[in-house]
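In this note's numbering, the protein residues as written are 1 to 240.
Think of the CB as a built atom: it goes at the ideal place given N, C-alpha and C, for glycine as much as any other residue.
Remarks on the structure that follows.
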């Protein structure tokens, strides 16, 4: 069973997942521009930003996670997103084994592990540098469908400046983030039953063929296979 709710951290989502013998498996994790801090059966780990579908090799019985909005995790975690691109790493690799074990034990022993994980992140965020308002503005522009040039002009950044900030905040350049967010807009429409051609147009693709190419390039699958899997009631975490 998978459940989620808005977190008290701006733009973040708290989620939980419990698996069991009846669980038919874990779906591939598709790129979404986000990063996650995950508790999995007593272990804390970080899911970095994906540029392609991530296919888990196994899964835990119980998960609790906090999914950061694009660009928000690096300040809290103390590491640039590009260092974690397409990776899953133990929190111990970032914060040290002793601190990671102490924090993991605190979450493990809590009555509500998701809330305990959220509280951990909120404490860390309180002492972290304030989020870059220009990064947030770029995300908002790209999420709304603006082009990279339009977003850069709106926040007063040159192409090199925007690329450098994007690598640190998102793990990749702004064009990659724009593609991922556009694909996610299209997939949300597909899940809602919108025909592929209309979903492509509304999401900002040139046509259905363009959307199909982006789907294959970023996820390794097809729209038809995605829609079929999305109709199956599997509670797969977006990043676990």
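_Tell me the rounded alpha-carbon separation between residue 223 and residue 212._
Their backbone Cα atoms lie some 7 Å apart in a straight line.
_DSSP bridge partner residues for residue 63 (one or two, in chain order)_ = Note: residue 63 is bridge-paired with 17 and 40 in the DSSP secondary-structure output.
*Between the beta-carbon of residue 112 and the beta-carbon of residue 67, is there less than 8 Å?*
No, the pair does not count as a contact, with Cβ atoms beyond the cut-off.
*asked:* Less than 6 Å between C-beta atoms, sequence neighbours within five positions excluded: which residues of the same chain meet that for residue 152?
replied: 162.
*How do the region 52–71 and the region 159–177 stand: do at least 3 beta-carbon pairs fall below 8 Å, yes or no?*
Because the criterion of three Cβ pairs below 8 Å is met, the region 52–71 and the region 159–177 touch.
*From the DSSP output, in three-state form, read off residue 90 for me.*
Residue 90 falls in the strand class under three-state DSSP.
*Quick one: what does DSSP say residue 233 is sitting in, helix, strand or coil?*
Caution applies to residue 233, whose pLDDT of 46 falls short of 50 and renders its modelled position unreliable; the model cannot decide the point.
*Where do the N-terminal and C-terminal ends of the beta strand (DSSP E) with residue 5 fall, by residue?*
Note, residue 5: beta strand (DSSP E), 2–6.
*Mind checking who residue 68 pairs with in its DSSP beta bridge?*
Paired residues: 35.
_Cut-off 6 Å between Cβ atoms - residues of its own chain near residue 185, not counting five sequence neighbours on either side_ = Within the same chain, residue 185 has close Cβ partners 203.
*Sub-8 Å separation of residue 16 and residue 61 beta-carbons*: No; because the gap between Cβ atoms is not below 8 Å, this pair is not in contact.
*Under the three-state DSSP convention, the category residue 54 falls into*: Three-state result, residue 54: strand.
_I'd like the span of the alpha helix (DSSP H) that includes residue 27, first residue to last._
Counting along the chain, residue 27 sits inside no alpha helix (DSSP H), nor does DSSP assign it H or E at all.
*Contacts around residue 14, its chain only, beta-carbon distance under 7 Å, and the 5 residues preceding and following it disregarded*: Once the five neighbours on either side are set aside, the close Cβ partners of residue 14 are 4, 5, 7, 66, 114 and 118.
_I'd like the list of long-range same chain contacts for residue 180, defined as Cβ closer than 7 Å, with 5 residues on each side in sequence excluded._
Contacts found: 31, 32, 33 and 218.
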